[in-house]
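Enquirer:
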Amino acid sequence: MPAILFTFLLILQVLQSALGDVSLALLVPAIAKGDQVNATQKFLEGAIPLVQAEPGTIQWYGVQFTDVNPPTFAIFDTFNSEDDRNTHLNGKVAGALFANADTLFVANPVVNKANVLASKVQKGDGSLTEGVSVGLRVNFTAKADKVQDVRDFLKGALTLVEAEPDTLFWYAVEFPGTCVFSIVDFFAAEKGREEHLNGKVAAALFASADMLLTGQPDIAKFDVLSADVKSESGQMGDTGMSSMMGESGMKDESMTTGGSGIVVEQFCQKLCMNLIRTLDCKTG
Numbered sequence: 001m002p003a004i005l006f007t008f009l010l011i012l013q014v015l016q017s018a019l020g021d022v023s024l025a026l027l028v029p030a031i032a033k034g035d036q037v038n039a040t041q042k043f044l045e046g047a048i049p050l051v052q053a054e055p056g057t058i059q060w061y062g063v064q065f066t067d068v069n070p071p072t073f074a075i076f077d078t079f080n081s082e083d084d085r086n087t088h089l090n091g092k093v094a095g096a097l098f099a100n101a102d103t104l105f106v107a108n109p110v111v112n113k114a115n116v117l118a119s120k121v122q123k124g125d126g127s128l129t130e131g132v133s134v135g136l137r138v139n140f141t142a143k144a145d146k147v148q149d150v151r152d153f154l155k156g157a158l159t160l161v162e163a164e165p166d167t168l169f170w171y172a173v174e175f176p177g178t179c180v181f182s183i184v185d186f187f188a189a190e191k192g193r194e195e196h197l198n199g200k201v202a203a204a205l206f207a208s209a210d211m212l213l214t215g216q217p218d219i220a221k222f223d224v225l226s227a228d229v230k231s232e233s234g235q236m237g238d239t240g241m242s243s244m245m246g247e248s249g250m251k252d253e254s255m256t257t258g259g260s261g262i263v264v265e266q267f268c269q270k271l272c273m274n275l276i277r278t279l280d281c282k283t284g
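Position 152 of the sequence shown, counted from 1, bears residue number 152 in UniProt numbering, the numbering being contiguous throughout.
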């Protein structure tokens with residue numbers, strides 16, 4: 001591998017962390033014992049300080065499914081790298097979850113690893129639930145010869161989701177080694193959830209079901225009990241330490257702009273063009 005290409009790939013790895021593109025996730029459902037519902041709710045609410053101490057856990061949500069019997073809860077969280085995900089799985093939150101499993105749950109929680117195909121995220125508001133109160137988990141299974149088509153569909157759906165102002169957080173994920181996919185999304189209120197369910201993304205998904213999927217998508221509604229949303233660079237937010245703060249504690253403006261964009265992305269684009277021109281010169 002040419003030295004310049006190796007250097008470029010190394011820089012891209014660093015930039016991915018700086019840009020905060022979440023690429024991996026966990027979906028961990030658990031069924032509570034009938035007399036442990038309140039205790040499970042309190043456990044998920046109380047887990048926030050532990051999550052906040054994990055800089056590599058970028059977004060974390062503790063949820064309770066509604067209109068479900070037996071009472072079912074889940075944790076959904078996202079990461080920039082496999083190292084960050086493994087750190088979380090071997091950290092205090094997961095340790096506490098499994099240490100309390102015999103008391104709270106009818107069986108051990110099931111840890112499902114997922115790849116994030118597309119996502120829409122924003123800053124939280126610093127509250128216990130980061131400004132979201134309800135959400136959806138939509139599972140569906142692709143036909144064996146339509147897996148790539150489903151991936152493409154979900155990536156393309158992001159444009160439609162971005163046009164939905166009340167869909168605050170949206171994740172399209174794939175469970176590797178299976179044909180199973182899921183959409184997990186979060187809303188400030190019921191109004192946003194209902195608008196999403198009656199919007200273009202849901203309509204397109206169900207319209208494509210016969211062609212792409214083995215059956216109709218399974219929609220489950222949930223309430224958000226607690227959440228921690230770090231900034232897109234893996235920062236702790238206003239109360240935490242920032243990986244993009246200098247010694248003075250001030251944000252490095254050479255790395256970011258306001259909410260309208262990230263300077264580092266422009267740098268990456270220029271770097272790509274320079275690399276292409278350089279390689280053309282060497283191979284031409």
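Yeah, the Cβ is synthetic: ideal placement off N, Cα and C, and Gly gets one too. No experiment lies behind these values; they were computed from the predicted model shown.
1. How would you label ALA163, buried or exposed, when you count the other beta carbons within 10 angstroms and need 16 or more for buried?
2. Using a threshold of 8 Å, state whether the C-beta atoms of VAL229 and VAL63 are closer than that.
3. Hey, how far is the Cα of residue 290 from the Cα of GLY124?
4. Rounding to the nearest angstrom, what Cα-Cα distance links ALA188 and GLU195 in this structure?
5. Quick check: the Cα distance between GLN122 and LYS143, rounded to an integer number of angstroms?
6. DSSP three-state call for residue 288: helix, strand or coil?
7. Would you mind sorting PHE98 into buried or exposed? The rule is 16 or more other CB atoms within 10 Å of its CB.
8. Rounded C-beta distance between ASP40 and LEU104? I'm assuming under 8 Å.
9. Where does GLU174 sit, in a helix, a strand or coil, going by DSSP?
10. Out of GLY126, PRO70, THR141 and ALA114, point me to the one whose CA is closest to GLN36's CA.
11. Have a look at residue 300 and ASP77 and give me their C-alpha separation to the nearest angstrom.
12. Could you tell me which of LEU26, ALA107, LEU24 and ILE183 sits nearest to LEU201, measuring between CA atoms?
13. Which of helix, strand or coil does DSSP assign to ALA188?
14. Could you tell me which uninterrupted alpha helix (DSSP H) segments, each at least 4 residues in length, are contained entirely in the region 79–163, listed from first to last along the chain?
15. Cβ of SER226 within 8 Å of Cβ of THR129?
16. Would ASP84 be called buried (16 or more neighbouring beta carbons within 10 Å of its own) or exposed?
17. Going by DSSP in three states, LYS200 sits in which element: helix, strand or coil?
18. Closest by CA to ASP166, which one among ASN100, ASP218, LEU158 and LYS191?
19. On the criterion of 16 or more Cβ atoms from any shown chain inside 10 Å, does GLY95 qualify as buried, or is it exposed?
20. To the nearest angstrom, how far is the alpha carbon of ALA32 from that of ASP102?
21. Consult DSSP for VAL37 and reduce its assignment to one of helix, strand or coil.
22. Is LEU212 near ASP149, with beta carbons less than 8 Å apart?
23. For VAL68, which three-state DSSP category applies?
Expert: On the basis of the coordinates in this document:
1. As a working note, residue 163 is residue 163 in the sequence shown. ALA163 is exposed by the Cβ-count criterion.
2. Counting from one through the sequence shown, the residue named residue 229 turns up at place 229. Counting from one through the sequence shown, the residue named residue 63 turns up at place 63. Taking 8 Å as the Cβ cut-off, VAL229 and VAL63 do not qualify as a contacting pair.
3. Since the first residue shown for the chain is 1 and the last is 284, residue 290 is missing from the structure and cannot be characterised.
4. Locating residue 188 in the sequence shown gives position 188, counting from the first residue. Locating residue 195 in the sequence shown gives position 195, counting from the first residue. Using only the alpha carbons, I get a separation of about 12 Å.
5. As a first step, residue 122 is located in the sequence shown; it is residue number 122 there, counting from the start. As a first step, residue 143 is located in the sequence shown; it is residue number 143 there, counting from the start. Those two C-alpha atoms are separated by around 33 Å.
6. Because the chain in this structure spans residues 1 to 284, residue 288 falls outside the shown range and cannot be described.
7. Taking the first residue of the sequence shown as 1, we reach residue 98 at position 98. So PHE98 counts as exposed.
8. Taking the sequence shown and counting its residues from 1, the one referred to as residue 40 is at position 40. Taking the sequence shown and counting its residues from 1, the one referred to as residue 104 is at position 104. Here the sequence assigns Thr to residue 40, which means Asp is not the residue at that position. Between THR40 and LEU104 a beta carbon distance of about 5 Å is seen, short of the 8 Å cut, so the two are scored as contacting.
9. Taking the first residue of the sequence shown as position 1, residue 174 is located at position 174. Strand.
10. One-based indexing of the sequence shown puts residue 36 at position 36. For the set GLY126, PRO70, THR141 and ALA114, the Cα lying nearest the Cα of GLN36 is the one of PRO70.
11. Any property of residue 300 remains undetermined from this structure, which presents the chain solely from 1 to 284.
12. Sequence index remark: in the sequence shown, residue 201 carries index 201 (1-based). Inspection of the sequence shows that residue 201 is occupied by Val rather than by Leu. By alpha-carbon distance to VAL201, the top candidate from LEU26, ALA107, LEU24 and ILE183 is ILE183.
13. Position 188 of the sequence shown, counting from 1, holds the residue named residue 188. In the structure shown, ALA188 sits in coil (DSSP, three-state: anything other than H, G, I, E or B).
14. Listed in chain order, they are 82–89, 92–99, 101–104 and 147–162.
15. Taking the sequence shown and counting its residues from 1, one reaches residue 226 at position 226. Taking the sequence shown and counting its residues from 1, one reaches residue 129 at position 129. Between SER226 and THR129, the CB-CB gap stays under 8 Å.
16. Taking the sequence shown and counting its residues from 1, the one referred to as residue 84 is at position 84. ASP84 should be labelled buried.
17. Walking along the sequence shown from the start, residue 200 turns up at place 200. The three-state secondary structure of LYS200, taken from DSSP, is helix.
18. In the sequence shown, the residue the question calls residue 166 occupies position 166. Closest in C-alpha terms to ASP166, from the list ASN100, ASP218, LEU158 and LYS191, comes LYS191.
19. As a first step, residue 95 is located in the sequence shown; it is residue number 95 there, counting from the start. The residue is exposed, with fewer than 16 neighbouring Cβ atoms inside 10 Å.
20. Translated into the one-based positions of the sequence shown, residue 32 becomes position 32. Translated into the one-based positions of the sequence shown, residue 102 becomes position 102. Approximately 10 Å, taken between the alpha carbons.
21. Mapped onto the sequence shown, residue 37 falls at position 37. If DSSP states are grouped into helix, strand and coil, VAL37 belongs with the helices.
22. The residue you call residue 212 lines up with position 212 of the sequence shown. The residue you call residue 149 lines up with position 149 of the sequence shown. Yes, the pair counts as a contact, with Cβ atoms nearer than the cut-off.
23. The count along the sequence shown starts at 1 and reaches residue 68 at position 68. If DSSP states are grouped into helix, strand and coil, VAL68 belongs with coil.
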